[in-house]
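Enquirer:
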Amino acid sequence: MSLASDSNSPVLIAGGGIGGLAAALALSRIGWPSVVLEQSREFGEVGAGIQISPNVFKMFDALGIRDAIERIAVFPDSILVRDAVSGAEILRTPLGSEFLARYHYPYGVIYRPDLLDTLLQACTGSSLITLRTGTKVVDYEDHGTVVSIATATGDRFEGRALIGADGLWSRIRERVVGDGKPRVAGHIAYRAVLPIDKAPEHARVHRVNLWAGPRTHFVHYPLRRGELLNLVAVFHSDRYEEGWDTYGDPRELYAKFAHARPEVRDLLDLIESWRMWVLCDREPVGNWSAGRVTLLGDAAHPTLQYLAQGGCMAIEDAVVLARSLQASGDDVARAFVNYQQQRVLRTARVQLTSRFVGDYVYHVRGAAAEVRNQMLANLPRESMAWLYDGV
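The sequence shown begins at 4 in the numbering used here and counts up by one.
(1) Going by beta-carbon coordinates alone, are E41 and T138 separated by less than 8 Å?
(2) Of the residues S327, Y365, A317, which one's Cα is nearest the Cα of V353?
(3) Is the Cβ-Cβ distance between L98 and V84 less than 8 Å?
(4) Are V323 and S292 touching if we call contact CB-CB under 8 Å?
(5) In this structure, how does DSSP classify S2 when only helix, strand and coil are distinguished?
(6) Going by beta carbon distance, what residues of the same chain come within less than 7 Å of H239, once the five residues before and after it are set aside?
(7) Roughly how many whole angstroms lie between the Cα atoms of G216 and R207?
(8) Mind checking S56: buried by the 16 CB within 10 Å criterion, or exposed?
(9) Starting from P97, trace the alpha helix (DSSP H) both ways and give me its first and last residue.
(10) Express the C-alpha separation of L310 and V281 in angstroms, rounding to a whole number.
(11) Using the C-alpha atoms, what's the distance from T136 back to L328?
(12) W247 to H209, Cα distance in whole Å?
(13) Less than 8 Å separating the beta-carbons of G50 and P116?
(14) Would you mind stating whether L299 and D320 have Cβ atoms separated by less than 8 Å?
(15) Determine whether the beta carbon atoms of A26 and A168 lie at a separation below 8 Å.
(16) Does the beta-carbon of E1 have 16 or more other beta-carbons within 10 angstroms, so that it is buried, or is it exposed?
(17) Can you name the start and end residues of the alpha helix (DSSP H) that Y106 belongs to?
(18) Counting only runs that start and end within the segment 236-316, where is the beta strand (DSSP E) found for 3 or more residues in a row?
(19) Run the CB neighbour count on T156, radius 10 Å, all protein chains shown included, and call it buried at 16 or more, exposed below.
(20) Going by beta carbon distance, what residues of the same chain come within less than 7 Å of L266, once the five residues before and after it are set aside?
(21) Just reading off the alpha helix (DSSP H) that Q124 is part of, what are its end residues?
(22) Identify, in the order they occur along the chain, each residue of the same chain with its Cβ nearer than 6 Å to the Cβ of D182, setting aside the five sequence neighbours on each side.
(23) Where does S5 sit, in a helix, a strand or coil, going by DSSP?
(24) So who's on the other strand from Q54, going by DSSP bridges?
(25) Rounding to the nearest angstrom, what Cα-Cα distance links G294 and R176 in this structure?
(26) If contacts are defined as beta-carbon pairs under 8 Å, then L66 and L30 qualify, I think. What distance do you get, rounded to the angstrom?
(27) Is G314 near the ligand MG - that is, is its Cβ less than 7 Å away from at least one heavy atom of it?
(28) Please go through the segment 58-94 and give each complete alpha helix (DSSP H) segment of 4 or more residues, from N-terminal end onward.
(29) Is it the case that the Cβ atoms of P13 and T133 are separated by a distance below 8 Å?
(30) Could you spell out where the beta strand (DSSP E) holding Y193 opens and where it closes?
(31) Expressed to the nearest angstrom, what Euclidean distance is found between the alpha-carbon atoms of N290 and S357?
(32) Do R194 and R268 count as a contact pair if the criterion is CB distance below 8 Å?
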């Protein structure tokens with residue numbers, strides 16, 4: 004095995020999800036080759052919605068995929084937060100011309116498989132990107148000039164660097180950070196997607212709807228040009244099952260939302276089969292790089308979904324990382340340090356703010372809910388500028 008690095012050696016990327024493919028595409032835009040190693044037999048995402056705020060549309064521009072994204076996304080007219088018990092309006096954020104004039108990019112929602120397919124098609128069209136499925140990275144060695152990796156099938160790959168984009172339970176993180184298992188938040192999410200023509204009329208509007216209740220909340224919005232309706236129900240629970248694709252128990256869900264408005268319960272009744280995941284994150288860390296190895300997305304800074312920024316942060320990571328490599332020449336280790344220095348405080352703020360929103364905004368009850376309602380009613384217009392202005 005040769006251990007000499009050169010400019011034609013690829014960057015190895017462990018993980019072919021949104022973050023991994025975005026990283027490969029970002030590298031291709033600066034002329035760097037990469038090999039994406041995905042453990043599943045095919046590239047794919049769980050069928051659910053994802054919100055895409057102005058900060059990530061700026062990244063879509065940088066990756067050259069904004070037009071493709073806009074052809075398949077939905078652009079809601081507003082985000083509406085209501086009390087799940089009383090039905091009272093708590094907060095309405097218009098997303099029209101005034102929002103666009105302020106942030107210069109729109110706010111959209113998209114089906115996760117459509118976002119992944121858009122990235123995958125762009126990667127497939129690049130001669131600098133090699134895509135491998137059925138290839139699970141189990142270990143690596145940083146030799147100082149190159150990185151070699153071992154896979155579950157016994158194959159070995161060698162490249163000029165390694166990016167761990169292998170998610171919340173990252174094997175690469177085990178070596179780089181070594182902080183054990185993820186933190187269990189005590190919240191569970193049930194998700195489902197259905198044809199929008201099967202939903203009641205009140206749910207077919209082009210709006211992100213959030214119903215905040217005691218230790219619960221429910222979100223629904225349209226997807227895929229308005230053809231589908233995305234449903235996400237979240238509640239507090241001590242249950243823990245590792246993974247992202249477990250079937251939920253509808254009886255548990257209905258019991259948790261027994262207090263909710265009829266508009267919410269009517270939508271829950273439409274779904275017979277729910278996918279469930281236990282919400283987890285990790286404590287923010289100040290370093291996720293070691294030599295020629297770094298982390299990206301959930302492997303670096305997993306966050307709860309309450310700011311709808313998990314995928315957005317991974318795509319931001321990809322663009323910032325590629326720019327750091329471009330600026331560093333051949334000094335990959337220095338580029339990785341510069342990359343994380345640019346990302347640590349922003350991603351940590353997202354992680355910690357997401358926890359706060361989940362525990363002290365969406366799910367509060369009693370007097371705390373009244374405080375929440377008053378706080379949101381008086382929320383400054385610029386309260387999200389730190390996030391939506393992007394990088």
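From the three backbone atoms N, C-alpha and C, an ideal C-beta is built for every residue, glycine too.
Expert: According to the structure shown:
(1) On the sequence shown, residue 41 is found 38 positions in, with the first residue counted as 1. On the sequence shown, residue 138 is found 135 positions in, with the first residue counted as 1. Closer than 8 Å, so yes.
(2) Here residue 353 refers to the residue found at position 350 of the sequence shown. Cα-wise, what sits closest to V353 is A317.
(3) Within the sequence shown, numbered from 1, the residue matching residue 98 stands at position 95. Within the sequence shown, numbered from 1, the residue matching residue 84 stands at position 81. Contact: no.
(4) By one-based count along the sequence shown, residue 323 stands at place 320. By one-based count along the sequence shown, residue 292 stands at place 289. Against a cut-off of 8 Å, the Cβ pair of S292 and V323 comes out as no contact.
(5) Outside the modelled stretch of the chain, which goes from 4 to 394, sits residue 2, for which no answer is possible.
(6) Position 236 of the sequence shown holds residue 239. Answer for H239: G189, H190, R218, H366, listed in chain order.
(7) What you label residue 216 is simply residue 213 of the sequence shown in a count that begins at 1. What you label residue 207 is simply residue 204 of the sequence shown in a count that begins at 1. Spanning the two alpha carbons is a distance of roughly 22 Å.
(8) As a working mapping, residue 56 is identified with position 53 in the sequence shown. Label assigned to S56: buried.
(9) Counted from its first residue, the sequence shown places residue 97 at position 94. Segment 92-97 is the beta strand (DSSP E) holding P97; no alpha helix (DSSP H) there.
(10) Counting from 1 along the sequence shown, the entry for residue 281 is found at position 278. Counting from 1 along the sequence shown, the entry for residue 310 is found at position 307. Approximately 17 Å, taken between the alpha carbons.
(11) Taking the first residue of the sequence shown as 1, we reach residue 328 at position 325. Taking the first residue of the sequence shown as 1, we reach residue 136 at position 133. Their Cα atoms are separated by approximately 26 Å.
(12) The sequence position of residue 247 within the sequence shown is 244, counting from 1. The sequence position of residue 209 within the sequence shown is 206, counting from 1. With a pLDDT of 48 at W247, under the threshold of 50, the modelled position of that residue is not reliable, and the figure given next carries that caveat. For W247 and H209, the distance between alpha carbons rounds to 27 Å.
(13) Translated into positions along the sequence shown, residue 50 becomes position 47. Translated into positions along the sequence shown, residue 116 becomes position 113. The answer is yes: Cβ separation under 8 Å.
(14) Your numbering for residue 299 matches position 296 in the sequence shown. Your numbering for residue 320 matches position 317 in the sequence shown. In contact: L299 and D320 (Cβ atoms closer than 8 Å).
(15) Numbered from its first residue, the sequence shown carries residue 26 at position 23. Numbered from its first residue, the sequence shown carries residue 168 at position 165. Between A26 and A168, the C-beta gap is smaller than 8 Å, which places the two residues in contact.
(16) Given a span of 4 to 394 for the chain in the structure shown, any question on residue 1 remains unanswerable.
(17) As a working mapping, residue 106 is identified with position 103 in the sequence shown. Under the DSSP assignment, Y106 falls in the alpha helix (DSSP H) whose first and last residues are 100-106.
(18) 278-284, 296-298
(19) Within the sequence shown, the letter at position 153 stands for residue 156. With fewer than 16 Cβ atoms within 10 Å of its Cβ, T156 is classed as exposed.
(20) Taking the first residue of the sequence shown as 1, we reach residue 266 at position 263. Sequence check: residue 266 is Glu here, not Leu. So the qualifying residues of the chain are H205.
(21) In the sequence shown, counting from the first residue as 1, residue 124 sits at position 121. Per DSSP, the continuous alpha helix (DSSP H) segment holding Q124 begins and ends at 115-127.
(22) Counted from its first residue, the sequence shown places residue 182 at position 179. Correct list: empty, nothing qualifies.
(23) On the sequence shown, position 2 is the one that residue 5 refers to. Here S5 scores only 45 on pLDDT, less than 50, and its place in the model should not be relied on; the value that follows carries that caveat. S5: coil per DSSP, three-state reduction.
(24) As a position in the sequence shown, residue 54 is number 51, starting the count at 1. Its beta-bridge partners are V112.
(25) As a working mapping, residue 294 is identified with position 291 in the sequence shown. As a working mapping, residue 176 is identified with position 173 in the sequence shown. Cα to Cα, G294 sits roughly 13 Å from R176.
(26) For this step, residue 66 is matched to residue 63 along the sequence shown. For this step, residue 30 is matched to residue 27 along the sequence shown. L66 to L30, Cβ: 11 Å. No contact.
(27) Summarising the ligand content, the structure contains no ligands, and the ligand MG is consequently not present.
(28) 69-75
(29) By 1-based counting over the sequence shown, the position of residue 13 is 10. By 1-based counting over the sequence shown, the position of residue 133 is 130. Cβ distance < 8 Å, so P13 and T133 count as in contact.
(30) Position 190 of the sequence shown, counted from the start, is the residue given in the question as residue 193. Taken as a continuous stretch (DSSP letters only), the beta strand (DSSP E) holding Y193 covers 186-198.
(31) By 1-based counting over the sequence shown, the position of residue 290 is 287. By 1-based counting over the sequence shown, the position of residue 357 is 354. In a straight line, the C-alpha of N290 is about 20 Å away from that of S357.
(32) Sequence index remark: in the sequence shown, residue 268 carries index 265 (1-based). Sequence index remark: in the sequence shown, residue 194 carries index 191 (1-based). Not a contact, by the Cβ cut-off of 8 Å.
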